[in-house]
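So the structure is just underneath, and the comments pick up after that.
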Amino acid sequence: MEAALAAAEARSEPIDFEQWVSQKADALLRFGYVLTGDKSLAEDAVQDALTTACARWARVSRADDPEAYVKRMVVNAHISWWRRFRRREAPVEDPVRSAPSAPDGAVARAESEAIWALCATLPDKQRAAVVLRFYEELSYAEIGVLLHCAEATARSHVHRALAALKTTLSKEGAEDA
């Protein structure tokens with residue numbers, strides 16, 4: 008299926024939206040999850056982006072990189088969400104699990120959850136910058152474009168996020184000693 012999409016792009020033919028979504032949906036959901044840190048928020052952001060992309064597909068499909076275009080739409084959808092609801096909602100703490108959810112790979116899962124918990128403490132723009140830099144492996148210039156800021160600001164977001172994470176880890180290490 009990817010070969011068919013690449014061939015259509017090379018011939019400048021319109022790309023079929025449904026075919027494109029079936030190819031890219033999993034990657035977009037993973038991107039959304041890494042960006043938001045929450046499965047349902049990721050699904051909502053991707054759904055909003057794809058709804059908008061569908062309505063504007065003629066323009067989106069002509070973009071140099073439709074996937075990057077839609078990823079930017081996912082970032083915008085998430086930013087719009089937290090601007091609207093961040094100050095109004097009071098999240099409830101996660102329930103305490105009495106039994107491990109997956110006996111195999113429990114250590115890896117615990118480490119992964121610890122990383123997500125640390126990332127969740129970061130401000131949204133810093134978390135987005137870290138995700139785009141280390142998960143998506145984008146350059147600072149590309150991050151600046153996606154976050155609508157200067158390249159130097161993107162560097163600053165990543166630097167401050169890493170400094171905050173380092174401080175948090177140092178404090179936790181000192182408490183454990």
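So for the sequence shown, our numbering puts the first residue at 8; every next one is plus one.
From the three backbone atoms N, C-alpha and C, an ideal C-beta is built for every residue, glycine too.
Predicted model only: the values in this text are computed from it and were never measured.
Between the stretch 128-140 and the stretch 152-169, do at least 3 Cβ pairs fall closer than 8 Å?
yes
What separation, rounded to the nearest whole angstrom, lies between the Cα atoms of residue 119 and residue 140?
18 Å
Own chain partners of residue 56 with C-beta closer than 7 Å, once the 5 adjacent residues on each side are dropped
77, 80, 81, 84
Tell me which residues share the same chain as residue 68 and place their Cβ nearer than 8 Å to its Cβ, disregarding the 5 neighbours each side in the sequence.
21, 22, 24, 27
Could you tell me the distance, in whole angstroms, from the CA atom of residue 176 to the CA atom of residue 58?
39 Å
For residue 85, name the three-state secondary structure that DSSP assigns.
helix
Would you mind giving the Cβ-Cβ distance between residue 53 and residue 44, rounded to the nearest angstrom? I have them listed as a contact below 8 Å.
Contact flag wrong, Cβ pair sits at about 14 Å.
Determine whether the beta carbon atoms of residue 161 and residue 150 lie at a separation below 8 Å.
yes
How big is the Cα-Cα spacing for residue 130 and residue 116?
24 Å
Close-in-space but distant-in-sequence residues of the same chain around residue 147 (CB under 6 Å, 5 per side omitted):
158, 161, 162
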